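In the numbering used here, the protein residues as written are 15 to 269.
Where a beta carbon is used, it is the ideal one built from N, C-alpha and C, also for glycine.
None of these values were measured; they are calculated from a predicted model.
A short worksheet on the structure shown next.
Below, the structure written as structure tokens:
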């Protein structure tokens, strides 16, 4: 296994990644992956953007074989490992740190990575500073890094820059010239169905899926489905973020 990059070289490479990420909307994302190879040598890598409406990832740049790319785009978000990854507090999952029992439940590892001879790397969900899920960075190597090192720290520090490149911040809101309609600010966006608005209101009250089901006379499974749709439509990472959004709108459940 190659020795870690000297710290000055690695820091310079990290700066180049950050600059490539800033330029990516103009120059493309392939340059980001090229710069990343100076931080962490890899055999395969990809940057994917999450499409909340189509419920899939879209590859912006990648070197994985076609079948692996198809898995990342269409099936990875159903992989048991993704449920662990998809939290702003989790950070990346390095392959050498993952418990064997979790790897054994992951089709992404058993059916895709293992046949490619992958023994190391990281899967990193990317969240913007506002908490929006932007997409994923996947890096795979045939030579695992078995101990924490400066390259790992550099990848972690770069995630916010990568997320910002994948999901640019929306333009500042410009207040409408017309007088506000009473109550308009408390209404969630139009894409939410009436039932989803009810479930969002119950989330804002801090109720569990079972409690929501009892109050709305539906099953907990149906509640879970509504919550998945709400997270996708509001483009937030978890139910706590959805509840915070509802609280900001002043949404409260019916008595």
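### Query
Do you know how far the Cα of residue 106 is from the Cα of residue 79?
By 1-based counting over the chain shown, the position of residue 79 is 65. By 1-based counting over the chain shown, the position of residue 106 is 92. Going by the C-alpha atoms only, they are around 22 Å apart.
### Query
Using the rule of at least 16 other Cβ atoms within 10 Å of the residue's Cβ for burial, across every protein chain shown, is residue 181 buried or exposed?
The residue you call residue 181 lines up with position 167 of the chain shown. By the C-beta density criterion, residue 181 is buried, having at least 16 other C-beta atoms within 10 angstroms.
### For residue 153, the first and last residue of its enclosing beta strand (DSSP E)
Within the chain shown, the letter at position 139 stands for residue 153. Segment 147–155, the beta strand (DSSP E) holding residue 153.
### Message
Restricting to Cα atoms, I'd like to know which of 126, 130, 75 is closest to residue 42.
### Response
On the chain shown, position 28 is the one that residue 42 refers to. Here the closest residue by C-alpha is 75.
### Message
Once the 5 residues before and after residue 108 are set aside, which same chain residues still bring their CB inside 6 Å of it?
### Response
Stepping through the chain shown from its first residue, residue 108 is reached at position 94. Here the set comprises 136.
### Message
Suppose the cutoff is 8 Å on Cβ atoms and the five residues either side in sequence are ignored; what does the same chain contact list for residue 213 look like?
### Response
As a working mapping, residue 213 is identified with position 199 in the chain shown. So the list reads 226, 230, 237, 240, 241, 244, once near-sequence residues are dropped.
### Task
Taking all protein chains shown into account, decide if residue 179 is buried (16 or more other Cβ within 10 angstroms of its Cβ) or exposed.
Along the chain shown, one-based indexing puts residue 179 at 165. It counts as buried.
### Where residue 58 sits in the DSSP three-state scheme
If you number the chain shown from 1, residue 58 lands on position 44. Of the three classes helix, strand and coil, the one that applies to residue 58 here is strand, per DSSP.
### Task
Check the C-beta distance from residue 123 over to residue 117 and give it rounded, since I have them as a contact under 8 Å.
Walking along the chain shown from the start, residue 123 turns up at place 109. Walking along the chain shown from the start, residue 117 turns up at place 103. Their Cβ separation, rounded to whole angstroms, is 5 Å, which keeps residue 123 and residue 117 in contact under 8 Å.
### Query
So what's residue 75 in DSSP terms, helix, strand or just coil?
On the chain shown, position 61 is the one that residue 75 refers to. Strand, per DSSP.
#### Entry: Cβ pair residue 59, residue 153 closer than 7 Å
Here residue 59 corresponds to residue number 45 of the chain shown, with the count starting at 1. Here residue 153 corresponds to residue number 139 of the chain shown, with the count starting at 1. Yes, the Cβ-Cβ distance between residue 59 and residue 153 is below 7 Å.
### Query
If you compare alpha carbons, which of 24, 50, 99, 217 is closest to residue 35?
Position 21 of the chain shown, counting from 1, holds the residue named residue 35. Of the candidates 24, 50, 99, 217, the one whose C-alpha sits nearest the C-alpha of residue 35 is 50.
#### Entry: Run of the alpha helix (DSSP H) containing residue 238, from where it starts to where it stops
Here residue 238 refers to the residue found at position 224 when the chain shown is read from its first residue. Looking at the DSSP string, the run of the alpha helix (DSSP H) that includes residue 238 is 234–248.
### Query
Under a three-way DSSP split, which group does residue 163 fall into?
Working through the chain shown from its first residue, we reach residue 163 at position 149. It is coil, neither helix nor strand.
### Start-end ranges of the beta strand (DSSP E) lying completely within the segment 84–144, minimum 3 residues
134–141, all fully within the segment 84–144.
### Query
Can you name the residues that DSSP bridges to residue 70?
Taking the chain shown and counting its residues from 1, one reaches residue 70 at position 56. Note: residue 70 sits in a beta bridge opposite 65.
#### Entry: Where residue 158 sits in the DSSP three-state scheme
For this step, residue 158 is matched to residue 144 along the chain shown. In the structure shown, residue 158 sits in coil (DSSP, three-state: anything other than H, G, I, E or B).
### Message
Is any non-hydrogen atom of the ligand ADP found closer than 6 Å to the C-beta of residue 255, if you look at the structure I gave you?
### Response
This structure simply doesn't include the ligand ADP, nor any ligand for that matter.
### Message
Restricting to Cα atoms, I'd like to know which of 176, 31, 249, 218 is closest to residue 69.
### Response
On the chain shown, position 55 is the one that residue 69 refers to. Of the listed residues, the one whose Cα sits closest to residue 69 is 249.
### C-alpha gap between residue 264 and residue 257, whole angstroms
If you number the chain shown from 1, residue 264 lands on position 250. If you number the chain shown from 1, residue 257 lands on position 243. Straight-line Cα distance between these residues: approximately 10 Å.
### Close beta carbons around residue 140, own chain, < 7 Å, minus the five adjacent residues each side
Taking the chain shown and counting its residues from 1, the one referred to as residue 140 is at position 126. The answer, listed in chain order, is 148, 149, 150, 151, 173, 176, 177, 180.
### Message
Quick check: residue 224 and residue 208, are their CB atoms within less than 7 Å of each other?
### Response
Position 210 of the chain shown, counted from the first residue, corresponds to residue 224. Position 194 of the chain shown, counted from the first residue, corresponds to residue 208. No. Outside cutoff.
### Separation of residue 206 from residue 253, as counted between CA atoms
Within the chain shown, the letter at position 239 stands for residue 253. Within the chain shown, the letter at position 192 stands for residue 206. Residue 253 and residue 206: Cα-Cα distance of roughly 15 Å.
### Query
residue 138: which of 64, 216, 48, 222 sits nearest, CA to CA?
Along the chain shown, one-based indexing puts residue 138 at 124. Nearest option by C-alpha distance: 64.
### Query
By Cβ distance below 7 Å, which residues in the same chain neighbour residue 115 in space, the five residues on each side in sequence not counted?
Within the chain shown, residue 115 is the residue found at index 101, counting from 1. Sequence-distant partners of residue 115 (beyond 5 residues in either direction) whose C-beta falls short of 7 Å from its own C-beta are missing from its chain.
### Buried or exposed by the 16-neighbour rule on C-beta atoms within 10 Å, applied to residue 120
Sequence index remark: in the chain shown, residue 120 carries index 106 (1-based). Label assigned to residue 120: buried.
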